[in-house]
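Numbering (my numbering), first residue to last: 969 to 1100.
For every residue, glycine included, the Cβ atom is placed at its ideal position computed from N, Cα and C.
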Amino acid sequence: MIKRHIASDILDSLRHFPVVLLTGARQVGKSTLAEMLSKTRWKAAYLTLDSRVVLDAALADPDGFISGTPVPAIIDEVQRSPDLMRAIKGVVDRDRRPGQFLLAGSANLMTLQKVSETLAGRVALHELQPFM
């Protein structure tokens, strides 16, 4: 695996913010990076909304899904369940500890605006760029 310098920046943000959002275009390596972090440098539960079972649970009851998720946690493909942001905000409003959630997913401008509004002051944003 190619070392990504952004990994150190993400880990630094996890020490200061309750939520870190890793975005980027499709196929740039967000999932690979997030999973690698969960196994090596930042031990966390890894959940992906690519799993039909996980996605169905997140869509059916976002609050229950988040309250039942052990922290720290990585939630990959988070854009598939937009209501999770509100549920995460509720958890973070009750407990501002840094490093609770690393969210990864493809994002467009509208999504970033919604995240910024919903999780203002609670989230650090990182965009993974493709290799050139």
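Whole-angstrom distance between residue j and residue i, CA atom to CA atom
i, j, result
"K1082", "T1008", "31 Å"
"W1010", "L979", "7 Å"
"G992", "D1031", "26 Å"
"L1023", "H973", "30 Å"
"D1063", "F1069", "12 Å"
"S976", "R994", "21 Å"
"D1029", "V1060", "17 Å"
"G1091", "M1004", "Reading the sequence as shown, one finds Val at residue 1091 and not Gly. Taking the straight line joining both Cα atoms gives about 21 Å."
Candidates the options, of which the one nearest residue i by Cα
i, options, result
"G1058", "S1074, I978, P986", "P986"
"A1041", "Y1014, L1001, L1093, G1089", "Y1014"
"E1095", "D1063, A1002, T1086", "A1002"
"R1020", "V1091, V1046, S1074", "V1046"
"T1000", "F1069, M1053, G1073, I1056", "G1073"
"A1055", "D1063, R1048, A1092, S1035", "S1035"
"R1110", "D977, H984, S976", "The structure shown does not extend to residue 1110, since the chain is modelled only from 969 to 1100, so the question has no answer here."
"D1018", "V1060, S976, A975, R1048", "R1048"
"P1050", "D1061, E1085, P1038", "E1085"
Close beta carbons around residue i, own chain, < 6 Å, minus the five adjacent residues each side
i, result
"A1012", "S1006, P1040, A1041, I1042"
"V996", "L1096, P1098"
"F1033", "A1025, A1026"
"T1016", "D1044, E1045"
"K998", "L990, G992, A1072, L1096"
Residues of its chain near residue i, where Cβ-Cβ distance is below 7 Å and the 5 sequence neighbours each way are ignored
i, result
"G1089", "none"
"P1038", "A1013"
Whole-number beta carbon distance between residue j and residue i, since they are thought to touch under 8 Å
i, j, result
"G1067", "L982", "4 Å"
"M1053", "L1093", "M1053 to L1093, Cβ: 13 Å. No contact."
Cutoff 8 Å; reference residue i; Cβ partners in own chain excluding five residues on either side
i, result
"M1078", "With a pLDDT of only 48 at M1078, under 50, the local geometry of the prediction cannot be trusted, and no value is derived from it."
Q. Whole alpha helix (DSSP H) runs in the segment 1050 to 1074 with 4 or more residues, listed along the chain?
A. 1052 to 1062
Q) What beta strand (DSSP E) runs, 3 residues minimum, are completely inside the segment 1000 to 1039? A) 1013 to 1016
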